[in-house]
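All remarks here apply to the structure that follows.
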Amino acid sequence: MVKVQRGCVTLEGDVDWNYQSQAAERAVETISDVKGVSNLIRVKPQVIAQLISLDFR
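All residue numbers for the sequence shown refer to full-length UniProt numbering, where the first residue is 1 and numbers rise by one.
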């Protein structure tokens, strides 16, 4: 979700990887008349199968 108020942009939502959050922020920063960006995008935790299998041994 993107909210804009008086040139300030707020980004919200969930992504799988941190680079996706950073890319969204960089893209918005380059738009003319944007005064600031608040990046509230959450990166979903990644579950590693190997770590899970270790817990069940």
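Heads up, the beta-carbon is just placed ideally off N, CA and C, and yes, glycines get one too. Predicted model only: the values in this text are computed from it and were never measured.
Rounded C-alpha distance that separates residue i from residue j
i   : j   : result
V43 : E25 : 13 Å
S35 : M1  : The question names Ser, but residue 35 in the sequence shown is Lys. Near 18 Å, if we compare the C-alpha coordinates of M1 and K35.
K3  : Q22 : 17 Å
V28 : T10 : 10 Å
E12 : N39 : 7 Å
Q20 : V37 : 15 Å
Which listed residue (the options) has its alpha carbon closest to that of residue i
i   : options               : result
P45 : N18, I31, A27 and E29 : N18
V47 : L11, T10, D16 and N39 : D16
G7  : A27, I31, N39 and D14 : I31
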